[in-house]
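Notes follow the structure.
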Amino acid sequence: MDLGASGNDSVVTEFVLLGLTKTPALRPILFVIFLLAYVATVGGNFSILAAILAEPKLHTPMYFFLGNLSLLDVGCISVTVPAMLGHFMSNNRSILYRSCLSQLFFFHLLAGVDCFLLTVMAYDRYLAICQPLTYSTRMSWGIQRALAGMSCVFSFSNALTQTVTVSTLTFCGPNVINHFYCDLPQLFQLSCSSTQLNEQLLFAAAAFMGVAPLVLITVSYGHVAAAVLRIRSAEGRKKAFSTCGSHLTVVGIFYGTGVFSYMRLGSVEASDKDKGIGILNTVISPMLNPVIYSLRNPDVQGALRRVFTRRQPPT
Numbered sequence: 072m073d074l075g076a077s078g079n080d081s082v083v084t085e086f087v088l089l090g091l092t093k094t095p096a097l098r099p100i101l102f103v104i105f106l107l108a109y110v111a112t113v114g115g116n117f118s119i120l121a122a123i124l125a126e127p128k129l130h131t132p133m134y135f136f137l138g139n140l141s142l143l144d145v146g147c148i149s150v151t152v153p154a155m156l157g158h159f160m161s162n163n164r165s166i167l168y169r170s171c172l173s174q175l176f177f178f179h180l181l182a183g184v185d186c187f188l189l190t191v192m193a194y195d196r197y198l199a200i201c202q203p204l205t206y207s208t209r210m211s212w213g214i215q216r217a218l219a220g221m222s223c224v225f226s227f228s229n230a231l232t233q234t235v236t237v238s239t240l241t242f243c244g245p246n247v248i249n250h251f252y253c254d255l256p257q258l259f260q261l262s263c264s265s266t267q268l269n270e271q272l273l274f275a276a277a278a279f280m281g282v283a284p285l286v287l288i289t290v291s292y293g294h295v296a297a298a299v300l301r302i303r304s305a306e307g308r309k310k311a312f313s314t315c316g317s318h319l320t321v322v323g324i325f326y327g328t329g330v331f332s333y334m335r336l337g338s339v340e341a342s343d344k345d346k347g348i349g350i351l352n353t354v355i356s357p358m359l360n361p362v363i364y365s366l367r368n369p370d371v372q373g374a375l376r377r378v379f380t381r382r383q384p385p386t
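Taken in order, the sequence shown gives residues 72 to 386; the numbers are from this note's numbering.
See the structure below:
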């Protein structure tokens, strides 16, 4: 344990990430698995982004937000996986204190923007299906940029607040983190000073950035479901539900893993379940999102085929 002297106390200057396994023989296998997952995630999300940019039919608010979501997925997995790959190939699993806080900041920044964008996308579907006559004015290009910008500002404020308050904690004892990246619950457990304020701030952030968006998403899709059920044509109902099904699947995965990750703050010891949820949240979810959004969307599928075959879109 690397400790720096500070008066009569010892202060932790770096942490040790235990990672996913203590078995050396498994590290090369895990390295290959997560390297492939990282390449698939980056390639898949940039393919979606390229399809949106190349296909005029996809220059709509829904796909504008989807393109931003793809960038966030690339950023989210890049915060955790490259460092984990480096630890797989090295016996040194330490991470500097400032690097740990940087990882914490960017993870919460990107995850927070994800929360708000998923909410904005639900609102977009509500306007498109329930308020079609005013959709173009209520979701204009200026409003799209304003909503995306507000999402970034709110998330940046929260990530900065959480990181600054964590930096005020004292770490003077064990510096071993039973995880593969730095996050709030694990750092709270290692602190030898009171984390009461930090936990209150995290609770407030969870209410503002987790519960409130989830309520808004639920209300939006409640109105959408009621409107779709009033459509007499079975084909019309199927088409309307198909545009929302992908988004609801992503919302379920994102919020399901997020709630489990932060509802266990009172747990004394981290478990392998935390690592499993962390993999779902930071690796599996970003990797699946391009598949989920393109699987039942013929417009995206057609745009992807034209991107890879370099064909021009139909005029």
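Just so it is clear, CB atoms sit at the ideal spot from N, CA and C, and this is done for glycine as well.
How would you label residue i, buried or exposed, when you count the other beta carbons within 10 angstroms and need 16 or more for buried?
i       : result
Lys-128 : exposed
Ser-192 : The residue asked about is misnamed: residue 192 is Met in this sequence, not Ser. It counts as buried.
Ala-105 : A small fix is needed here, since residue 105 is Phe in this sequence, not Ala. Under this definition Phe-105 is a buried residue.
Val-224 : exposed
Gln-300 : The sequence given here has Leu at residue 300, not Gln. Classification for Leu-300: exposed.
Asn-139 : buried
Val-339 : Confidence is the limiting factor: at Val-339 the pLDDT is only 46, short of 50, which leaves the residue's position unreliable, though a coordinate-based value still follows. Exposed is the call here.
Met-358 : buried
Ile-148 : buried
Arg-303 : exposed
Ser-317 : buried
Gln-267 : exposed
Leu-91  : buried
Ser-443 : One cannot answer for residue 443 here, as it falls past the ends of the chain, which runs 72 to 386.
Ser-207 : exposed
Val-378 : buried
Can you name the residues that DSSP bridges to residue i?
i       : result
Ser-165 : Val-87
Out of the options, which has the shortest C-alpha to C-alpha gap to residue i?
i       : options                            : result
Val-87  : Phe-312, Val-378, Asn-269, Asn-246 : Asn-246
Val-321 : Ile-119, Pro-369, Leu-97, Asn-360  : Asn-360
Trp-212 : Tyr-134, Ile-302, Asp-345, Glu-85  : Tyr-134
Thr-241 : Pro-153, Ser-265, Leu-137, Met-221 : Ser-265
Arg-169 : Thr-234, Leu-261, Tyr-364, Val-286 : Thr-234
Ala-154 : Tyr-364, Thr-353, Asn-368, Ile-363 : Thr-353
Met-221 : Ala-121, Tyr-292, Pro-99, Cys-186  : Cys-186
Mind checking which residues open and close the alpha helix (DSSP H) that includes residue i?
i       : result
Pro-369 : 369–380
Arg-303 : Neither: Arg-303 is in no alpha helix (DSSP H) and is coded neither H nor E.
Thr-208 : 206–209
Sequence ranges, beta strand (DSSP E) only - wholly within the segment 239–289, length at least 3: none
Could I get the ranges of all uninterrupted alpha helix (DSSP H) runs contained in the segment 113–164, with 4 residues as the minimum, in chain order? 132–159
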